[in-house]
Amino acid sequence: MLSTAYSPWFILLCLAVGAGYAALLYSAKTPWSRALNYGLAALRFVVVSFLCFLLLAPFVKTSTTRTEAPTVVLAVDNSQSVSLFTPKPALAQLTAGLPQLAAALREQGLRVETRTLTKAEAAPDSLRFTAARTDLNQLLTDSRAATADHNLAGVVLVSDGIVNQGQEPQFSEFGFPIFSVALGDTVPKKDLRLTDLLYNRVAFSGNKFPLEAEIAYEGYAGGTATVE
8 MLSTAYSPWF ILLCLAVGAG YAALLYSAKT PWSRALNYGL AALRFVVVSF LCFLLLAPFV
68 KTSTTRTEAP TVVLAVDNSQ SVSLFTPKPA LAQLTAGLPQ LAAALREQGL RVETRTLTKA
128 EAAPDSLRFT AARTDLNQLL TDSRAATADH NLAGVVLVSD GIVNQGQEPQ FSEFGFPIFS
188 VALGDTVPKK DLRLTDLLYN RVAFSGNKFP LEAEIAYEGY AGGTATVE
């Protein structure tokens, strides 16, 4: 579509300037025929109007509509802890199921990428769980950056949830839905930890003073534990 940097009403002004200039030059009596005079006036009108139109800085504006398939990223935690703590049958089922999942998503018209902790795009049927460090926050951030030019519909995060580097992903805002697939040992571990210790800042020698300890526990519901 042809547009100008100014209001379209200025085009009428360009035509008026061209018509006025042609009338001014060719309204007087001329030694050539009237038909030639009209032809020259028309030519002058077109040229002057066009030159005035060029002063409006015309440009051609086009718009293109492109339909892009949504992208789904299979973000796989390929760290050593996954292979160490995930039962072998479950790990084998995962490595066999990921290519099937990718194929099923593509059949539904989705664009599928598989990414691991090594940052580069990987094939879902060639995963090796050998990474020494797990930075899930960086994995999700790289997935977003790699698909910045695409319509990212969501990320399927396959992980055991063990993070030993970087920020915990629950404290980040990614801007896309995350669908988690849990791996690793699903048996809850028993754990006791000292979360806080309250005491008087000043105590005199020989006097008794209160000491309050806050203990957090996991896996001891309905049971007992000894803290020493």
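Just so we're aligned, residue 8 is where the sequence shown starts under my numbering, counting upward by one. Glycine included, every Cβ here is placed at the ideal spot set by N, Cα and C.
{"Item": "Selected residue, minimal CA-CA separation from G25, among L117, V79, V55", "Value": "V55"}
{"Item": "Reference K68, options S187, E225, A12, closest by Cα", "Value": "A12"}
{"Item": "Straight-line gap, P106 to E221 (C-alpha atoms, nearest Å)", "Value": "48 Å"}
{"Item": "Other residues of its chain near L20: CB distance less than 8 Å, five sequence neighbours each side excluded", "Value": "C59"}
{"Item": "Backbone CA spacing between L159 and P77 [nearest angstrom]", "Value": "6 Å"}
{"Item": "Endpoints, the alpha helix (DSSP H) within which F92 is located", "Value": "87-92"}
{"Item": "Same chain, Cβ closer than 8 Å to V170, neighbours up to 5 away in sequence not counted", "Value": "T141, D142, L143, N144, P176"}
{"Item": "Inter-residue CB distance, L134 and T123 (contact presumed, cutoff 8 Å)", "Value": "7 Å"}
{"Item": "Buried versus exposed call for A48 [16 or more other C-beta atoms within 10 Å across all chains shown]", "Value": "buried"}
{"Item": "First through last residue of the beta strand (DSSP E) which encompasses S187", "Value": "185-189"}
{"Item": "G191 vs T102 beta-carbon contact at 7 Å", "Value": "no"}
{"Item": "contact_flag[the segment 196-206, the segment 215-233] where n(CB pairs < 8 Å) is 3 or more", "Value": "yes"}
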